[in-house]
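In our numbering, the protein residues as written are 719 to 1337.
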């Protein structure tokens, strides 16, 4: 468990095993209890509180600004997991609400005092409650735009002159260098600096120039894997290398071709020098800004620029921004939380040929290797509470565990004899017992008494496997039954996904954040998938329609192999593969958790490339 990622993965696997849903859900109190029990069982009581706090803390919570941090210091407040309170005193008295310290009452609600302040006026009027704040007058764009029920109209605003576009990155270099001292990339080469001739007048918030430089010069370890290490200003979400990739794309779309080439060439040259001087950093996992992510930015930019040139002839890209509230509202969009794109990663302000300013929203994918869904079959029950038992993951799990215990009990005399044989297989099995710190008899007894775990179930199954290899017929039959039940569940679940209307709707809802066909169909956003665009024009080329309602009614599951979700335009016509479907037990025969995964089908990737070639061939 030395590797943190593996450690947390082990925790989530065990929580999935013990939960009735088969997957973690930290919004449920019973899952918090299970997590606490696991950490206790693993002898981690001394760090239990801190681990739970880190797992449950809101990832996208806006941090306190400098003024609020100072206020907290003056009030002698410390973070207590769910809010702030005085050290040595029970309970919390303040919460972080959108980056502001907000006083709460004993029931956890905002205090009347704070509510009154909010009603009477904003910060600049809070000491004069009788003065009502005048609404800020803004100039609306000439043509109102409403897409998918959202107000996409841009206010007339010079984004370059907004505070958000001009602000410096926080913290300053001195504080950041102190933070970064232990995880900074080695020298030589000298720390990376962007070429000054291409960044003097950026069309995006200038703070990201500094953020990218810091990412280039930092190892992806510890705090270096979190955006909050690089800035106290709220940023995007996701893995840090992916965030760097998004930033490079966002910056690049606003640049000329020549400037973008200089920009990416400088990054590649530095990476080459870094690896040459430090061979131990050759593996991509050792760096944040890598060749693959730089090439991803190049490809994404190509897809976006090609589309804009055709969709908005003779247009001009005025500004670009990342997907943060302050950035996007600085482009002129009102009420970000209500009107933002469904899964947008970056925003582009475009001035069309007739002078209109419009917002273009893009979801970014590194390549055609897109993971639409990494979930659990526990979702099936959420989609349809009346699903039949043969695809109910809870029933499947309980049946498999009962079978495991029953077979283990019947084989106990044979196992005792096998272990005393001294064979190579028996020696190997005993080593497994030592590594798991439990033998077969103990694992069987505790599992039978409801004190099972993923590790104990694996010990029982591996013991049965050893007997099967030794020729035991009962053990062989058990393993055959396990595989039969597993394949049966897979087949029936895949069929139900498209034949059961509730299951189909649930599946589409789950994958839409990674494959937002409806948002693309509505014209709200487009996708850049590697060097390819998925937009209304491309959708129509592929499906014969850009109407999502028509598309979703013609989705169907195909058995494969491998099983996939496909689109059939007409009865008897060829099925276009969209997504490969995987329904599998995470640890067949012992895991207890059924994974439900979907990835972009490689055949659809080829269809996407062909459609882009046809739609954008002139570009």
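The C-beta atom is built at its ideal place from N, Cα and C for all residues, glycine as well.
Might you give, ordered along the chain, the residues of its own chain that have their beta carbon closer than 7 Å to the beta carbon of residue i, omitting 5 neighbours on each side?
{"i": "residue 861", "result": "1074"}
{"i": "residue 1076", "result": "863, 872, 1068 and 1070"}
{"i": "residue 742", "result": "730, 733, 734 and 749"}
{"i": "residue 1019", "result": "967, 970, 971 and 978"}
{"i": "residue 999", "result": "992, 993 and 1005"}
{"i": "residue 830", "result": "Note that residue 830 scores a pLDDT of 39, beneath 50, so its modelled location is shaky and nothing firm can be said."}
{"i": "residue 980", "result": "913 and 916"}
{"i": "residue 984", "result": "912 and 913"}
For residue i, count the other beta carbons within 10 Å of its own beta carbon; 16 or more makes it buried, fewer makes it exposed. Which is it?
{"i": "residue 1268", "result": "exposed"}
{"i": "residue 1131", "result": "exposed"}
{"i": "residue 1255", "result": "buried"}
{"i": "residue 1046", "result": "buried"}
{"i": "residue 1218", "result": "buried"}
{"i": "residue 1317", "result": "buried"}
{"i": "residue 1189", "result": "exposed"}
{"i": "residue 1100", "result": "exposed"}
{"i": "residue 1104", "result": "exposed"}
{"i": "residue 1192", "result": "exposed"}
{"i": "residue 1284", "result": "buried"}
{"i": "residue 1072", "result": "exposed"}
{"i": "residue 744", "result": "exposed"}
{"i": "residue 753", "result": "buried"}
{"i": "residue 1328", "result": "exposed"}
{"i": "residue 1127", "result": "exposed"}
{"i": "residue 736", "result": "buried"}
{"i": "residue 1234", "result": "buried"}
{"i": "residue 1106", "result": "exposed"}
{"i": "residue 1208", "result": "buried"}
Pull up the CB-CB distance for residue i and residue j, whole angstroms please, since I reckon it's below 8 Å.
{"i": "residue 1205", "j": "residue 1309", "result": "Not confirmed; about 16 Å, so no contact."}
{"i": "residue 1159", "j": "residue 1212", "result": "Not really, about 39 Å apart at Cβ, beyond 8 Å."}
{"i": "residue 1322", "j": "residue 1294", "result": "7 Å"}
{"i": "residue 1022", "j": "residue 1033", "result": "The pair is not a contact, with the Cβ atoms about 12 Å apart (cut-off 8 Å)."}
{"i": "residue 1085", "j": "residue 1248", "result": "4 Å"}
{"i": "residue 1038", "j": "residue 1016", "result": "Between residue 1016 and residue 1038 the Cβ distance is about 16 Å, and since that is not below 8 Å, they are no contact."}
{"i": "residue 933", "j": "residue 962", "result": "5 Å"}
{"i": "residue 687", "j": "residue 1136", "result": "Residue 687 is absent from the structure shown; the chain starts at 719 and stops at 1337."}
{"i": "residue 912", "j": "residue 931", "result": "6 Å"}
{"i": "residue 1170", "j": "residue 1164", "result": "6 Å"}
{"i": "residue 1238", "j": "residue 1252", "result": "6 Å"}
Taking the alpha-carbon of residue i as reference, which of the options has the nearest alpha-carbon?
{"i": "residue 965", "options": "1041, 1209 and 1030", "result": "1041"}
{"i": "residue 946", "options": "894, 907 and 995", "result": "894"}
{"i": "residue 1307", "options": "990, 1229, 1181 and 923", "result": "1181"}
{"i": "residue 994", "options": "1281, 1175, 904 and 1059", "result": "904"}
{"i": "residue 1246", "options": "1062, 787, 1110 and 989", "result": "1062"}
{"i": "residue 1330", "options": "988, 1258, 1291 and 1202", "result": "1258"}
{"i": "residue 1338", "options": "888, 952 and 884", "result": "The requested residue 1338 is not part of the displayed model; the chain covers only 719 to 1337."}
{"i": "residue 1119", "options": "1109, 1175 and 1108", "result": "1175"}
{"i": "residue 1108", "options": "907, 937, 1169 and 1203", "result": "1203"}
{"i": "residue 1048", "options": "787, 877, 866 and 889", "result": "877"}
{"i": "residue 1271", "options": "1289, 1280 and 1278", "result": "1289"}
{"i": "residue 1314", "options": "1302, 1324 and 1128", "result": "1302"}
{"i": "residue 938", "options": "865, 1003 and 987", "result": "1003"}
{"i": "residue 760", "options": "1013, 1319, 728 and 744", "result": "728"}
{"i": "residue 1244", "options": "744, 865 and 754", "result": "865"}
{"i": "residue 1166", "options": "1207, 1122 and 1138", "result": "1122"}
{"i": "residue 986", "options": "1207, 910, 974 and 1143", "result": "910"}
{"i": "residue 874", "options": "1051, 1028 and 1279", "result": "1051"}
{"i": "residue 879", "options": "1157, 1036 and 746", "result": "1036"}
Spatial neighbours of residue i within its chain, please: CB distance less than 8 Å, with the 5 preceding and 5 following residues excluded, ordered by chain position.
{"i": "residue 1262", "result": "1287"}
{"i": "residue 804", "result": "793, 794, 795, 796 and 811"}
{"i": "residue 1102", "result": "1218, 1220, 1221 and 1224"}
{"i": "residue 957", "result": "943"}
{"i": "residue 1229", "result": "1090, 1091, 1297 and 1316"}
{"i": "residue 1150", "result": "1177 and 1180"}
{"i": "residue 906", "result": "991 and 995"}
{"i": "residue 1326", "result": "1086, 1247, 1250, 1252, 1256 and 1260"}
{"i": "residue 941", "result": "897, 901 and 947"}
Starting from the C-beta of residue i, find all residues in its chain whose C-beta is less than 6 Å away, skip the five residues before and the five after it, and write them out in chain order.
{"i": "residue 1087", "result": "none"}
{"i": "residue 1154", "result": "1173 and 1177"}
{"i": "residue 959", "result": "1006 and 1011"}
{"i": "residue 953", "result": "945"}
{"i": "residue 988", "result": "910"}
Is any heavy atom of the ligand SAH found at a distance shorter than 8 Å from the C-beta of residue i?
{"i": "residue 1237", "result": "Absence of the ligand SAH is noted for the structure shown, with no ligands found whatsoever."}
* Asked: Taking one C-beta from the segment 894-913 and one from the segment 1112-1127 each time, how about it: are there three or more such pairs within less than 8 Å?
  -> no
* Asked: Contact between the segment 1046-1066 and the segment 1076-1090: three or more CB pairs below 8 Å?
  -> yes
* Inter-stretch contact (C-beta, 8 Å, three-pair minimum) for the segment 903-917 and the segment 925-943 -> yes
* Counting pairs of beta carbons, one from the segment 1045-1060 and one from the segment 1087-1097, are three or more of them closer than 8 Å? -> no
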